[in-house]
Amino acid sequence: MKKQVKFGIGVGVIVVSLACLAWLGYGESKTYYHTIAELQTLQGNQLSHRMRVGGTVAAGSIRRFTGRVDFVLEGEGKSLPVSYVGSDPLPDTFVDKSQALVEGRPTDGRFVAEVVQAKCASKYEAAPGRTVASSSTATK
């Protein structure tokens with residue numbers, strides 16, 4: 734065989750291998766978003782997918798244990814017990830009644846989260862009856 738043919742076959746094998754790895758990685762990294770109400774209606778294979786669920790952290794529900802944090806998300810009149818087992822520390826804005834987005838998988842009536850994102854919109858809003866200063870008035 735000629736050197737060019739051998740080189741072409743080698744390059745082809747490498748390209749096909751990289752394309753397969755990229756396709757498998759894409760399939761693993763897909764994340765579906767569901768509401769708490771939708772999550773309770775999922776069945777079978779749908780429950781094995783990685784997913785995101787958003788809601789409000791129930792007041793007084795945050796419990797810290799070694800290696801995990803348990804809390805309850807509420808939304809649309811439903812509640813979802815969550816266990817966070819990720820290695821990253823929880824955000825400072827993760828407090829009672831904050832909005833949170835969890836990413837993981839449901840197991841045995843609980844949602845096991847590996848990622849938690851939290852926000853507290855009220856912290857950045859103007860107080861009732863007051864207006865936010867514009868940049869021109871703030872510098873005078």
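The sequence shown lines up with residues 734 to 873 when you count with the working numbering. By construction, the Cβ of each residue, glycine as well, lies at the ideal position given by its N, Cα and C atoms. Keep in mind it's a predicted model, so treat the numbers as computed, not measured.
Proximity to residue i [Cα-Cα], best of the options
i    : options                : result
F844 : K739, S812, R797, N778 : S812
S794 : S816, Q779, R783, E809 : S816
S831 : K735, K736, K852       : K852
L834 : V738, I747, Y765       : Y765
G837 : G787, D825, E807       : G787
R797 : W756, G808, G819       : G819
G800 : H782, L823, G808, I769 : L823
R785 : V738, D825, I769, K735 : I769
DSSP bridge partner residues for residue i (one or two, in chain order)
i    : result
F798 : R801
A833 : G788, A851
S846 : Just to set this straight, residue 846 is Ala in the shown sequence, not Ser. A846 pairs with Y817, G837.
G808 : K811
Y766 : R785
Exposure of residue i, with buried meaning 16 or more beta-carbon neighbours within 10 Å
i    : result
S867 : At S867 the pLDDT is 49, less than 50, meaning the model places this residue with poor confidence and gives no usable figure here.
G758 : exposed
A792 : exposed
I878 : Summary: the structure shown does not reach residue 878, with the chain confined to residues 734 through 873, and so no result is reported for it.
P839 : buried
V744 : exposed
V849 : buried
F740 : exposed
L772 : buried
I747 : exposed
P806 : Just to set this straight, residue 806 is Leu in the shown sequence, not Pro. It counts as buried.
Delimiting residues of the alpha helix (DSSP H) encompassing residue i
i    : result
L772 : 769–772
Residue interval of the beta strand (DSSP E) (run including residue i)
i    : result
K811 : 811–817
Whole-angstrom C-beta distance between residue j and residue i, which should lie under 8 Å
i    : j    : result
D821 : V790 : At roughly 17 Å, the Cβ-Cβ gap does not stay under 8 Å, so D821 and V790 are not in contact.
The ligand SAM heavy atom lying under 7 Å from the CB of residue i
i    : result
T768 : This structure does not include the ligand SAM; it has no bound ligands of any sort.
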